[in-house]
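Report on the following structure.
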Amino acid sequence: MDIASVVGLLVGASLLIVAVVIAPGSALGAFIDYPSMMVVVGGAISAVLISFPLKNFLGLFRVLKKVFFNKQENFGGIIEQLVSLAETARRDGLLALEGKLEEVANPFMVLGIQMTVDGTRPEVIEDVLRSELDAVATRHKAGKGVVDQLGRFAPAFGMIGTLMGLIIMLGNMSDPSSIGSGMAVALITTLYGAIMSNLIFLPFAQKLGFINQQELLAMEIVVRGIKGIQAGDNPRVIEQKLNTFVPPNTRASEKKAA
Amino acid sequence: MDIASVVGLLVGASLLIVAVVIAPGSALGAFIDYPSMMVVVGGAISAVLISFPLKNFLGLFRVLKKVFFNKQENFGGIIEQLVSLAETARRDGLLALEGKLEEVANPFMVLGIQMTVDGTRPEVIEDVLRSELDAVATRHKAGKGVVDQLGRFAPAFGMIGTLMGLIIMLGNMSDPSSIGSGMAVALITTLYGAIMSNLIFLPFAQKLGFINQQELLAMEIVVRGIKGIQAGDNPRVIEQKLNTFVPPNTRASEKKAA
Amino acid sequence: MDIASVVGLLVGASLLIVAVVIAPGSALGAFIDYPSMMVVVGGAISAVLISFPLKNFLGLFRVLKKVFFNKQENFGGIIEQLVSLAETARRDGLLALEGKLEEVANPFMVLGIQMTVDGTRPEVIEDVLRSELDAVATRHKAGKGVVDQLGRFAPAFGMIGTLMGLIIMLGNMSDPSSIGSGMAVALITTLYGAIMSNLIFLPFAQKLGFINQQELLAMEIVVRGIKGIQAGDNPRVIEQKLNTFVPPNTRASEKKAA
Amino acid sequence: MDIASVVGLLVGASLLIVAVVIAPGSALGAFIDYPSMMVVVGGAISAVLISFPLKNFLGLFRVLKKVFFNKQENFGGIIEQLVSLAETARRDGLLALEGKLEEVANPFMVLGIQMTVDGTRPEVIEDVLRSELDAVATRHKAGKGVVDQLGRFAPAFGMIGTLMGLIIMLGNMSDPSSIGSGMAVALITTLYGAIMSNLIFLPFAQKLGFINQQELLAMEIVVRGIKGIQAGDNPRVIEQKLNTFVPPNTRASEKKAA
Amino acid sequence: MDIASVVGLLVGASLLIVAVVIAPGSALGAFIDYPSMMVVVGGAISAVLISFPLKNFLGLFRVLKKVFFNKQENFGGIIEQLVSLAETARRDGLLALEGKLEEVANPFMVLGIQMTVDGTRPEVIEDVLRSELDAVATRHKAGKGVVDQLGRFAPAFGMIGTLMGLIIMLGNMSDPSSIGSGMAVALITTLYGAIMSNLIFLPFAQKLGFINQQELLAMEIVVRGIKGIQAGDNPRVIEQKLNTFVPPNTRASEKKAA
């Protein structure tokens, strides 16, 4: 569970609600308007539906889940495991890796080790792994793109809703007492659009960008590790090289030492 | 037919209409104003007419059709066909490809195979195919550019129309009862511009970008495949190489296996 | 004459005028205000005068003329001529090109041929031609830059004028009946700025970008052609190579065939 | 202490306070509204909490401290020290550097010298130092990113607060005398957002960018210096090369001469 | 003196003043408000003070002077002088250049020639000159950056001032007759910010970019010329090569011929 995302969303939403509740003469109910919600949420979703292939759009929920339920990549653990596999390979040969496959949780690493055990040529292994990595990067980009666009279209449909509300209000000016409430309703869509964009979609897109980058970095480390193992490199050298990919405080051996 | 585009456009438009209809005291008729439409649509089209060569502008309808009637590129099928051609070429020689030309639907692939059969030199074939690919990319860019600009000019002419409406209204303030309706009409152009931009042109441009990218990727695969066939590469190697261009779930052999 | 630019500008302007004329209770005269014009046009020109060297600014009229009187580069013709020159050179030697100089209209091609006839070394010819090409590109960029900036400063000075008008109006509120007309006048500068930017300068800048790109592409083709001629390449090979620079439907030999 | 940052912040804040105090009929108290502060500050912080991993957010205070308490990198001093170490190494061998380690304050330089003394291979030293440098750059980027986002979200939540205030006000129009004060309160959040962004976060982010760049340049100089020392280069040559990294007026030997 | 900058600034300012003076019912005095000036100018300067190291900020006046008192680089003259020096060097040896040093005004060229006479190695000369060139480029970038930021912060503080003015006005609505004037004063800061940005800082920054580019181009020509002289190249070849850096109409020999 990503504490920061959950706390940020809860605190942000609470603050806005509290600010409304404590304001003199205001009622929370004045801020709930279903047609406005329909225009902003529905409009933004429609625009995104047109913008992307259906498949990308349907991946949205999986993508949003990631914002809350991502677990930080454990670079140190990945490197440690690769080093341990390298030791096995050096001591008992590449075929001995098969026996250790069960211990490996990371499916990408399993794929690489499996191909190594099968005696696949190094270039082919790298090609296959990189193609997999590229496919993940493309899927990431598509997922983040949908969230980005929601963050861009939500305020636009907020403005569209406000314009519609103003035009309706301006056509009913015979009853001056209704002007205020008409205008209040009109402004609600802009408010919805601004909140959806700034408290939800734009921060989500930013967080996704970070998560995706970590995930790809972990895959990159696996690719390099598998290459080193297959080349029969010294496990210490492999560790040293892989450690240069991650900041000092998340390195494998240094952690052990700490 | 691109379901997502159609559904998105219909749902988006319906939502806005429903929101107007269910609003108390509003009439759909208040949202239809032909001169406003003329200013926004006409203005944006005029600006685009000036911005681009006539040819690009006239291609607009063909481009828009693509948003709704594009069919997803079948990468798996393309690769399968190239592999099958490679097998024929390996077994029976390059000239045997001529007999299989009828089975090939993709005109770009036909061009490449034809040149291969004719014994054209590899560099020339690649030059010709790449030049064709570049021409398609240029045409794509021009087409998307027109839609992009419509999405940018529509809100601008919406604002121009609103300013004109406000100036007219402000010059007729002797009758205060008409102020509201005058202002409502003035705002309609801004509404039109915002809807045209955010529900139509910007999402269309985004989808076009995606479609074009897929089309060029398919052409790139054909170019690589033809090169491999001409070089007499092993069909399995060709398949393996071409598969690295597409995400795992759309690959040729894996699909067959599934 | 660039039909699209002319039609676009006329249609756009007409639409706006018609929209004003058919609006009930409006007079075209209410949209003409010389001081407002002075602020927007004068202000944008002043800002551009400061932004660029005087020379660039003075080139503005030549640049604007280009938007209307550009003629599409005839790539097919240029390539055909280069191929014909290559045939002459191959048959009768480089010196024989001198006799064909009169038939060449393109001054850039004349320069290259002349140097070839004079026996200038290939590297020097390419350096000189590329330097000329770069100088044209720099001039293009400067010219487009001025139009771009006008498109950016016009709305800014429109807003400045409106702010000035509002401040004057707000200082004279003793006569409430004048508020409406005061505000109308204030808004006119914003309208002028928006129209100048969106109907004139921004589309002009876009078209200029396209024209300039075509012009440089034509020059690039000449440079490559001259190099091929001087190297004594086969005219067919030269044609084939130059044709890869232009989209298939504007190629030399294919046109002849059609 | 960074005088410019302190003076800028104090002068900017004072100017705004003075402008309010000297305005006729205004009271400073009208500009203090705790719920508004809560919405803007709390909202921006919530959005940033969602946008970044918790660790990056918690680094914010350390990052902000840097804006006020950074000390300019002393490039001349760093180069002088590296040259002096190079002289020792040349005269008495690399091992003699151990005795000079105490004089070195820069921990990054200590790390490099220590590895040199330990006889670590040059490539490994450079890998380790560069990895450290990259980690610092990543940390910098993350820190600046948080400040950048605060500068972007603060005005957004200012607008959200104003919309909420307007909706509350418009729902209570029965008492016209309260309209003015309700609107004043509504506008305060926009004011807070604008001040926070333009007087604090955006300038801070800009300054951070400069400080970070200097810090990385200093590290780059150390990396190059250590490489030169290990290679046994002439100390004068090392000085000359390192000096090309810094502007003439901050160079080592020229300073001594001045 | 840069005529275009002076004329642009005078014409722009005059136009705005005239527009105010000829407007019916307006007084120039209504546009002068010292506290507003304080907020916009002071606020923008404060923000820039925080954004940049003090040194960069203090260079602002020197930078602004350059906008008005820059003299166009005389590329033809520079090339002519380098060619003349090359002739001396070829005829009488590199040491003979010492006698011609007095005729050279450009201090950057003096530095290069001096090092050539001193027999400094070519790589070292180029390193030193390029380091100098980079330092100038860095100084340029810093100077332009300050002006850019002033152009960005001025409108922001204009808006801040207007918000403050509106809040004060809305708190004093008991006297309706003062509303107009209160709002007028509030808008003045936005006007100041817009004028400062669009008539002064943004155009200045643009001009600075152009001047800096010319200055660096002149330095680049000197570096290449010195290299050619030291290598003992034929003066004609040097001239030909240097001329490719400048547009045809500002070339050395062509000017002489004209």
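Residue numbers (the numbering used here), protein chains in the order written: chain F, 4 to 261; chain W, 4 to 261; chain S, 4 to 261; chain H, 4 to 261; chain U, 4 to 261. Cβ atoms here follow ideal geometry from the backbone N, Cα and C, with glycine treated the same way. Predicted model only: the values in this text are computed from it and were never measured.
Within chain U, not a single residue places a beta-carbon under 8 Å from that of F78 (chain H); the smallest gap is close to 12 Å.
Judged by pairs of C-beta atoms under 8 Å, the stretch 202-211 of chain U touches the stretch 35-55 of chain S, as three or more such pairs exist.
Chain-order list of chain H residues neighbouring N175 (chain U): P27, G28, S29 and G183, by C-beta distance under 9 Å. No Cβ-Cβ contact shorter than 7 Å links I182 (chain U) with D36 (chain U). With 16 or more neighbouring CB atoms inside 10 Å of its own CB, I214 (chain W) falls in the buried class. Around P56 (chain S), the beta-carbon contacts reaching into chain U at under 7 Å are A7 and F213. If you draw a 10 Å sphere on the C-beta of Q152 (chain U), you find 16 or more other C-beta atoms in it, and that means buried. S29 (chain F) and L19 (chain F) have their C-alpha atoms spaced approximately 13 Å apart.
Counting only runs of 4 or more residues that sit fully inside the stretch 72-101 of chain F, the alpha helix (DSSP H) segments are 78-95, in chain order. Using a Cβ distance threshold of 7 Å, L104 (chain U) and I116 (chain U) count as a contacting pair.
S:L67 is the residue among S:A7, S:P38, S:P250 and S:L67 whose C-alpha sits nearest the C-alpha of V150 (chain S). Ranked by how close their Cα comes to the Cα of Q84 (chain S), the residues S:V113, S:F72 and S:G122 have S:V113 in first place. Burial is judged here by how many other beta carbons sit within 10 angstroms of a residue's own beta carbon; V23 (chain H) has at least 16 and is buried. Taken atom to atom, the span from the alpha-carbon of V188 (chain U) to that of L166 (chain U) is near 11 Å. Closest option to P27 (chain W), judged by alpha-carbon separation, among F:G168, F:T119 and F:T247: F:G168. For the 7 Å CB-CB criterion, D5 (chain F) and N73 (chain F) form a contact. Taking a 10 Å sphere around the C-beta of R124 (chain W), we find fewer than 16 other C-beta atoms and assign the residue as exposed.
Judged by pairs of C-beta atoms under 8 Å, the stretch 227-243 of chain W touches the stretch 128-147 of chain W, as three or more such pairs exist. Boundaries cannot be given for T123 (chain F), as no alpha helix (DSSP H) includes it and DSSP labels it neither H nor E. The beta-carbon distance between E242 (chain F) and V86 (chain F), rounded to whole angstroms, is 5 Å. This is short enough to meet the 8 Å contact definition. Comparing alpha-carbon positions, the option among U:V43, U:L202 and U:I224 lying closest to I82 (chain U) turns out to be U:I224.
Beta-carbon to beta-carbon, L205 (chain W) and F248 (chain W) are separated by about 29 Å, too far to satisfy the 8 Å threshold.
Of the residues assessed, K244 (chain F) falls on the buried side of the cut-off, its CB having 16 or more other CB atoms within 10 angstroms.
With respect to chain H, the C-beta atom of A189 (chain F) has no partner C-beta closer than 7 Å.
P38 (chain U) sits close to I25 (chain H), with the two beta carbons spaced by under 7 Å.
At a cut-off of 7 Å between beta carbons, K210 (chain H) contacts chain U. As for any alpha helix (DSSP H) of minimum length 4 sitting wholly inside the stretch 170-238 of chain S, the runs are 182-198 and 205-233, ordered along the chain.
Secondary structure note for P38 (chain S): its alpha helix (DSSP H) is the uninterrupted segment Y37 to M40.
Distance check between G154 (chain F) and each of F:G196, F:T141, F:G185 and F:G146 places F:G196 closest, using alpha-carbon atoms only. Residues of the same chain with a CB within less than 7 Å of the CB of T119 (chain S), apart from the 5 flanking positions on each side, are L97, L100, I128, I229, I232 and Q233 in chain order. The continuous alpha helix (DSSP H) containing V24 (chain S) extends over residues I6 to I25. Looking only at H:F71, H:R142, H:G161 and H:P250, the smallest Cα-Cα distance to T193 (chain H) is reached by H:G161. Measuring C-alpha to C-alpha distances from N109 (chain S) to each of S:E218, S:P179 and S:R239 identifies S:E218 as the nearest. Interface residue (Cβ-Cβ distance to chain W less than 7 Å): P38 (chain F) is classified as such.
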